[in-house]
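Numbering (this note's numbering), first residue to last: 99 to 215.
Quick look at the structure:
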């Protein structure tokens, strides 16, 4: 059972930046997707960004060019650098790992990001 612990959320003004971090309790193979989802109040959880290994990052269109996902396989960690934040980015952000061998999805507990003046 892989446990994921996020950190780095908070309150930031529009146009500001935040960096989210997520560390897994166990080794995450580089071939397993690792990334981020978010859920705003009253909305469904949505994909934000992910990486397989250290290449081929994927982003939802609304964050492309503003967010950067990265991972450190040696530390079993994934990061999300969020720049030029907008009020519509306000949500609880969840770290996610998919095990391709077991087809199990692992989720963190979530970290709140609030973008407001």
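Note that the Cβ used here is the ideal one computed from N, Cα and C, for glycine as well.
Fair warning: this is a prediction, and the values are worked out from it, not measured in the lab.
Close beta carbons around residue i, own chain, < 8 Å, minus the five adjacent residues each side
{"i": "residue 114", "result": "183 and 213"}
{"i": "residue 158", "result": "144, 145, 146 and 147"}
Backbone CA spacing between residue i and residue j [nearest angstrom]
{"i": "residue 126", "j": "residue 112", "result": "34 Å"}
{"i": "residue 144", "j": "residue 191", "result": "10 Å"}
{"i": "residue 169", "j": "residue 176", "result": "4 Å"}
{"i": "residue 100", "j": "residue 134", "result": "16 Å"}
{"i": "residue 174", "j": "residue 193", "result": "12 Å"}
Coarse secondary structure for residue i, derived from DSSP in three states
{"i": "residue 155", "result": "strand"}
{"i": "residue 172", "result": "helix"}
{"i": "residue 162", "result": "coil"}
Check whether residue i and residue j have beta carbons under 8 Å apart
{"i": "residue 132", "j": "residue 211", "result": "no"}
Residues near residue i in its chain [Cβ-Cβ closer than 6 Å; skip 5 each side]
{"i": "residue 203", "result": "196"}
Q. Taking one C-beta from the segment 104-111 and one from the segment 163-175 each time, how about it: are there three or more such pairs within less than 8 Å?
A. no
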